[in-house]
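Undergrad: Would you mind keeping the following structure in view while I ask a few things?
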Amino acid sequence: MEISVLFFGVLSEITGTSRKHYSGIKSFADLKQRIGDDFPEIVHYNFRIAVNNKLVNEDPLLSSGDEVAYLPPFAGG
Amino acid sequence: MHLINGPVTTGAISEIIAKGGEDRECGAHSLFLGQVRRDQADGKFVRAIEYSVYEEMVIPEADKIFKSIMSEFDDVKTIEIIHSKGLVKAGEISLLVMVSAGHRDHSSKACAKAVELIKGKLPIWKKEIFEDDSAQWRENE
Chain A
1 MEISVLFFGV LSEITGTSRK HYSGIKSFAD LKQRIGDDFP EIVHYNFRIA
51 VNNKLVNEDP LLSSGDEVAY LPPFAGG
Chain B
78 MHLINGPVTT GAISEIIAKG GEDRECGAHS LFLGQVRRDQ ADGKFVRAIE
128 YSVYEEMVIP EADKIFKSIM SEFDDVKTIE IIHSKGLVKA GEISLLVMVS
178 AGHRDHSSKA CAKAVELIKG KLPIWKKEIF EDDSAQWREN E
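Residue numbers (the numbering used here), protein chains in the order written: chain A, 1 to 77; chain B, 78 to 218.
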């Protein structure tokens with residue numbers, strides 16, 4: 001599957017990017033593993049996951065073309 | 078909900094207030110303005126905050142806030158939200174919430190609730206820029 005990953009807030013800084021594309025992704029667990037390999041320091045941060053603009057609470061089922069966002073705790077207002 | 082580049086200007090605030098007056102069923106408008114505070118951390122003062130937003134998600138999430146407030150406070154007619162993106166200096170406004178209702182009870186309570194929901198639920202992040210140009214990401218309390 002082709003998955004776009006967006007990084008926001010502090011995560012965009014520690015990964016050095018706001019967007020990264022992944023190919024050949026088999027599952028969300030696989031995506032998490034690949035992101036962890038690319039950016040090992042990400043494990044030290046709190047974040048939630050959104051898929052196609054919707055927050056998810058557990059490992060989501062992904063489809064090719066999905067946009068997965070890594071969201072640190074919100075800090076608006 | 079509107080996003081504005083930089084601070085919420087006095088012009089934008091006036092426009093929202095004028096628009097509120099157009100609904101003749103309203104008897105009360107509650108206005109909240111969030112200002113960037115010159116906070117201090119480790120002996121350094123904040124000179125500005127840089128806001129970043131997940132724009133594709135913030136609009137549907139703001140819509141959920143509107144629906145939640147309208148269903149909890151049935152006297153509310155409209156809710157206006159303007160949030161800054163980009164750089165806002167200390168002393169400038171980064172958030173406007175105006176709730177218009179038939180009567181003051183729901184307008185003030187709904188405005189307070191809307192501000193809490195905005196702070197908790199909208200995908201917006203802030204980075205404090207200090208007077209020495211160092212910076213740190215800030216979480217809401």
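Beta carbons are placed, not taken as given, at the ideal position from N, Cα and C, and that holds for glycine.
Owing to the predicted nature of the structure, the values given are computational and were not obtained by experimental measurement.
So, does the CB of residue 57 of chain A fall closer than 8 Å to a CB anywhere in chain B?
TA: Here the question's residue 57 of chain A lines up with position 57 in the first sequence. It does not; no Cβ of chain B falls within 8 Å.
Undergrad: For residue 30 of chain A, which of A:59, A:51, A:12 has the nearest alpha-carbon?
TA: Taking the first residue of the first sequence as position 1, residue 30 of chain A is located at position 30. Of A:59, A:51, A:12, the residue nearest in Cα terms is A:59.
Undergrad: What span of residues does the alpha helix (DSSP H) with residue 31 of chain A cover, start to end?
TA: Working through the first sequence from its first residue, we reach residue 31 of chain A at position 31. That run of the alpha helix (DSSP H) goes 28-38.
Undergrad: Alpha carbon to alpha carbon, what distance is there between residue 148 of chain B and residue 10 of chain A?
TA: In the first sequence, residue 10 of chain A corresponds to position 10, counting from 1. In the second sequence, residue 148 of chain B corresponds to position 71, counting from 1. Cα to Cα, the separation comes out at about 35 Å.
Undergrad: Helix, strand or coil, according to DSSP, for residue 143 of chain B in the structure here?
TA: Residue mapping note: residue 143 of chain B aligns to position 66 of the second sequence, counting from 1. Residue 143 of chain B falls in the helix class under three-state DSSP.
Undergrad: Between residue 71 of chain A and chain B, is there a C-beta pair that is closer than 8 Å?
TA: Walking along the first sequence from the start, residue 71 of chain A turns up at place 71. Chain B contact via Cβ: present.
Undergrad: If residue 105 of chain B and residue 178 of chain B are in contact, beta carbons under 8 Å, what's the gap, nearest whole angstrom?
TA: Position 28 of the second sequence, counting from 1, holds the residue named residue 105 of chain B. Position 101 of the second sequence, counting from 1, holds the residue named residue 178 of chain B. The pair is a contact, with the Cβ atoms about 5 Å apart (cut-off 8 Å).
Undergrad: Could you check what DSSP says for residue 134 of chain B in three-state terms: helix, strand or coil?
TA: Stepping through the second sequence from its first residue, residue 134 of chain B is reached at position 57. The answer is helix: DSSP assigns residue 134 of chain B an H, G or I state.
Undergrad: Distance check for residue 161 of chain B and residue 192 of chain B, CA to CA, integer angstroms please.
TA: Numbered from 1 along the second sequence, position 115 holds the residue referred to as residue 192 of chain B. Numbered from 1 along the second sequence, position 84 holds the residue referred to as residue 161 of chain B. If I take the Cα positions, the gap works out to 14 Å.
Undergrad: List the endpoints of the continuous beta strand (DSSP E) containing residue 114 of chain B.
TA: Locating residue 114 of chain B in the second sequence gives position 37, counting from the first residue. It is not in any beta strand (DSSP E) - residue 114 of chain B carries neither H nor E in the DSSP assignment.
Undergrad: Which residue marks the beginning of the alpha helix (DSSP H) containing residue 63 of chain A, and which one marks its end?
TA: As a working note, residue 63 of chain A is residue 63 in the first sequence. Unbroken run through residue 63 of chain A: none, as it is neither H nor E.
Undergrad: How would you write the range of the alpha helix (DSSP H) that residue 183 of chain B sits in, first residue to last?
TA: Against the second sequence, residue 183 of chain B aligns to sequence position 106. Residues 181-198.
Undergrad: Pick from B:118, B:125, B:97, B:188: whose alpha carbon is nearest that of residue 83 of chain B?
TA: By 1-based counting over the second sequence, the position of residue 83 of chain B is 6. Measuring from the Cα of residue 83 of chain B, the nearest candidate turns out to be B:125.
Undergrad: Could you spell out the range, first to last residue, of the alpha helix (DSSP H) harbouring residue 42 of chain A?
TA: One-based indexing of the first sequence puts residue 42 of chain A at position 42. Here residue 42 of chain A belongs to no alpha helix (DSSP H), and DSSP marks it neither H nor E.
Undergrad: Does the separation of the CB atoms of residue 195 of chain B and residue 158 of chain B fall below 8 Å?
TA: Taking the second sequence and counting its residues from 1, the one referred to as residue 195 of chain B is at position 118. Taking the second sequence and counting its residues from 1, the one referred to as residue 158 of chain B is at position 81. A contact, by the Cβ cut-off of 8 Å.
Undergrad: On a CA-only basis, which of B:139, B:129, B:156 is nearest residue 71 of chain A? Give me that one, please.
TA: Numbered from 1 along the first sequence, position 71 holds the residue referred to as residue 71 of chain A. Among B:139, B:129, B:156, the Cα nearest to that of residue 71 of chain A belongs to B:129.
Undergrad: Would you report the Cα separation of residue 214 of chain B and residue 154 of chain B, rounded to the nearest angstrom?
TA: Translated into positions along the second sequence, residue 214 of chain B becomes position 137. Translated into positions along the second sequence, residue 154 of chain B becomes position 77. Rounded to the nearest angstrom, the two C-alpha atoms are 36 Å apart.
Undergrad: If residue 187 of chain B and residue 146 of chain B are in contact, beta carbons under 8 Å, what's the gap, nearest whole angstrom?
TA: Within the second sequence, residue 187 of chain B is the residue found at index 110, counting from 1. Within the second sequence, residue 146 of chain B is the residue found at index 69, counting from 1. Right, their Cβ atoms sit about 5 Å apart.
Undergrad: Which chain B residues are close to residue 51 of chain A, counting only those with a beta carbon under 7 Å from its beta carbon?
TA: As a working note, residue 51 of chain A is residue 51 in the first sequence. The premise fails here: residue 51 of chain A is roughly 11 Å from chain B at the closest Cβ pair, so nothing lies under 7 Å.
Undergrad: Among the candidates A:69, A:73, A:19, A:76, whose CA atom is the shortest distance from the CA of residue 53 of chain A?
TA: Taking the first sequence and counting its residues from 1, the one referred to as residue 53 of chain A is at position 53. When only C-alpha atoms are compared, the closest one is A:69.
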